[in-house]
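Q:
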Amino acid sequence: AGFAVDLKDKDATVELETCARCHARRAPLGDGFTVGKRLMDDYLPSVLTRELYALDGKIKDEVFEHGSFAQSKMAEKGVRCSNCHNP
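Residue numbers (my numbering): 1 to 87.
1) On a CA-only basis, which of A12, A27 and V5 is nearest V79? Give me that one, please.
2) Can you tell me the Cα-Cα spacing of D31 and D61, whole angstroms?
3) By how many angstroms is the C-alpha of V63 removed from the C-alpha of L48?
4) Could you pull out every residue in the same chain whose Cβ sits closer than 8 angstroms to the Cβ of L7, ignoring the five residues on either side in sequence?
5) Looking at the strands, I want to know which residues DSSP matches up with L44.
6) Which whole-angstrom value describes the C-beta separation of I59 and S72, a residue pair presumed to lie in contact below a C-beta threshold of 8 angstroms?
7) Using a threshold of 7 angstroms, state whether the C-beta atoms of R26 and Y43 are closer than that.
8) Cβ of H23 within 7 angstroms of Cβ of E65?
Okay, structure coming up:
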């Protein structure tokens, strides 16, 4: 098995959008995703609402952390998913 997408030589945006396909609150726009396409070509990420996010911007469900991470100081400074996780 293993991770289906090789992120070794990909830029931070590609990496974040690849991880977000599973780790974001989102609505599908079609029948899945195509590797190499942008996240919003296939999904509509959820907006920050009180039902999904705490007032400080943290997600209420740990598995769906894309929205919180994308707006974080860590992401702004260039931290990537793979800096802490091995996909």
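A virtual CB, placed ideally from N, CA and C, is assigned to each residue, including glycine. Just so we're clear, the structure is a prediction, and the values are computed from it rather than from any experiment.
A: The structure says:
1) A12
2) 24 angstroms
3) 16 angstroms
4) V14, E15, T18, S82 and P87
5) A27
6) In fact, because the Cβ distance is near 11 angstroms, the residues do not count as touching under 8 angstroms.
7) yes
8) yes
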